[in-house]
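For the sequence shown, numbering that gives the first Met the number 0 gives the first residue as 0, with consecutive numbering after it. Just so you know, even glycine gets a beta-carbon here, dropped at the ideal spot from N, CA and C. Please read these numbers as outputs of a predicted model, since none were measured by experiment. Read through the structure below, which is laid out as structure tokens, and then see the notes.
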Amino acid sequence: MRGVIPTALLAFITYILFTGSARPFDLVTGLIVAIGVGLLVGKYLVQSDSKALNPVRWLWLGIYFIWYMLVAEVKAHLDVMAKIISGKYEAGIVKVPIDVRTDYAKTLIANSITNTPGTVVVDLDDEYMYVNWINVTTEDPEKARKEICADFERFAKKVFE
0 MRGVIPTALL AFITYILFTG SARPFDLVTG LIVAIGVGLL VGKYLVQSDS KALNPVRWLW
60 LGIYFIWYML VAEVKAHLDV MAKIISGKYE AGIVKVPIDV RTDYAKTLIA NSITNTPGTV
120 VVDLDDEYMY VNWINVTTED PEKARKEICA DFERFAKKVF E
């Protein structure tokens, strides 16, 4: 039963947020869907981690979200717009080492890179990500890591490790 309640709670909150309604029908439907999701996948999604409810981790997640939306996204959008307008870019796939251990941290980093304009993670293994980058400035894996995902890794470690 490990993971059922947190998964169901997250599914319920997500359902209500996406429907945008708190009518009784939507609340009951959301509850049924959430319980089903929790029972089906809860034990697979939630690892046994006593630190999951640590408020400091949640604070870092909030800080990361605000930083990502206000800084990383804006910088990336402006950079991609400048590259498109000028026509000066050299796209390619680069090998980027990953400096985190948990699957959750790797997923956060890969999703952050993919959601940021100009970069897409096309493959991921235990040690490396392969990133399609709109403007390859270096093929050196360590330098690419610093340019593409060092900030994401810093936050992922604080939240998930």
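Assigned exposure category for residue i - 16 Cβ within 10 Å defines buried
i, result
"residue 151", "buried"
"residue 24", "exposed"
"residue 43", "exposed"
"residue 107", "buried"
"residue 21", "exposed"
"residue 164", "Residue 164 lies beyond the range of the chain shown here (0 to 160); nothing can be said about it."
Nearest to residue i (by Cα), restricted to the options the options
i, options, result
"residue 16", "29, 86 and 144", "29"
"residue 115", "101, 22, 131 and 32", "131"
"residue 89", "135, 158, 26 and 33", "135"
"residue 45", "119, 5 and 78", "5"
"residue 65", "84, 111, 140 and 133", "111"
"residue 91", "8, 120 and 109", "120"
"residue 71", "117, 38, 141 and 122", "117"
"residue 148", "73, 109 and 125", "109"
"residue 32", "54, 53, 3 and 154", "3"
"residue 39", "10, 60 and 18", "10"
Secondary structure of residue i, DSSP reduced to three states
i, result
"residue 122", "strand"
"residue 0", "coil"
"residue 104", "helix"
"residue 21", "coil"
"residue 139", "coil"
"residue 110", "helix"
According to DSSP, residues forming a beta bridge with residue i
i, result
"residue 132", "91 and 118"
"residue 127", "96"
Whether residue i touches residue j by CB criterion (9 Å)
i, j, result
"residue 87", "residue 97", "no"
"residue 159", "residue 56", "yes"
"residue 143", "residue 82", "no"
"residue 7", "residue 36", "yes"
"residue 79", "residue 12", "no"
"residue 156", "residue 99", "yes"
Proximity test, Cβ basis, 9 Å: residue i and chain D
i, result
"residue 29", "Absent from the structure: chain D. Only one protein chain is present."
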